[in-house]
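Colleague: I have a structure I would like to understand better, so I am pasting it below and will then ask my questions one at a time.
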Amino acid sequence: MTDHWIVRLACAAALMFGVAVADAAEGAKTLQAGNDLSDRASLQRGAQLYMNYCSGCHALKYLRYSRMAADLGLSEEEVMNNLNFTGTPVGEPIPVTMPKAQAEKWFGKMPPDLSLIARVRGSDWVYTYLKSFYLDPTRPLGWNNTVFPNASMPNPLWEMQGLQHAVHGKPENPGEDPPVVGLKIAQPGNMDPGQYDQAVRDITNFLEYAGEPAALKRQKLGVWVILFLALLTFLAYLLKKEYWKDVH
């Protein structure tokens, strides 16, 4: 038993170290997403934004349309008419819109499924990533990202955010490329910064939900579980007093 616990602790430490190394390698400080799974309106907006701007390249193979409808307070008809662009049956997982052949032609491979991206990377990482694209003429698609350098995708939300340019600092050593020390909007989008932050927060909120849909029900049940445990503790205290009253 002791050996098993040692192995588990070692694995957990290795995982945390690996995540820390990965974040350090990608080199950007993440922002606080501030998303809230209990905000149903945010989840609904996030689903709409995801389906319109992200589902063309990224699937959610662990989330079904029917489950999304039930969890987000939408009817299956609303989901199928407004959020389903592939004609996939309501009981099936959410596929990618773009055909595989075109994805391989344009990007070299199929873009990754995003069902678990918020669980793997964290909501703060997703939120910061969507705010950190900038124009980079040296990249094949003309875009780069400070959180995920040399990302092989353009900014899908550029119309809302606008076009960002990198602000470069001085290189630490001669011959090195100047580091990106900040980002600056060069051409505004159709949203102001506050509106865009909320849009990204909504998408992040939806992706956190997609990674673990049961979390919504677990949070609701948690209150009742705590109340039950409090009542059980009180009854156990009364029972203890009854058993020990003659002793005292």
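Residues -24 to -1, 1 to 224 in mature numbering (1 follows the signal peptide of the UniProt record, and there is no 0) are what the sequence shown spells out, letter by letter.
Ideal Cβ positions, reconstructed from N, Cα and C, are used throughout, including at glycine.
To the nearest angstrom, report how far apart Gly198 and Met56 are at their CA atoms.
Modeller: Computed Cα separation, rounded: 32 Å.
Colleague: For the segment 38 to 58 and the segment 71 to 82, state whether three or more C-beta atom pairs, one from each stretch, are separated by less than 8 Å.
Modeller: no
Colleague: Are the CB atoms of Gln20 and Leu48 nearer to each other than 7 Å?
Modeller: yes
Colleague: What's the C-alpha gap between Met129 and Asp89?
Modeller: 14 Å
Colleague: In whole angstroms, what is the alpha-carbon distance linking Gly5 and Glu218?
Modeller: Strictly speaking, residue 5 in this sequence is Lys, with Gly absent from that position. So the two alpha carbons sit approximately 58 Å from each other.
Colleague: Please confirm whether Met27 and Leu50 have their CB atoms less than 7 Å apart.
Modeller: no
Colleague: Classify Ala35 as helix, strand or coil using the three-state DSSP reduction.
Modeller: Correct three-state label for Ala35: coil.
Colleague: With which residues is Lys160 paired in a DSSP beta bridge?
Modeller: His141
Colleague: When burial is assigned at 16 or more other CB atoms within 10 Å of the CB, is Leu183 buried or exposed?
Modeller: buried
Colleague: Do Val176 and Lys85 have their beta-carbon atoms positioned less than 7 Å apart in this structure?
Modeller: no
Colleague: How would you call Pro132, buried or exposed, if buried means at least 16 neighbouring beta carbons within 10 angstroms?
Modeller: buried
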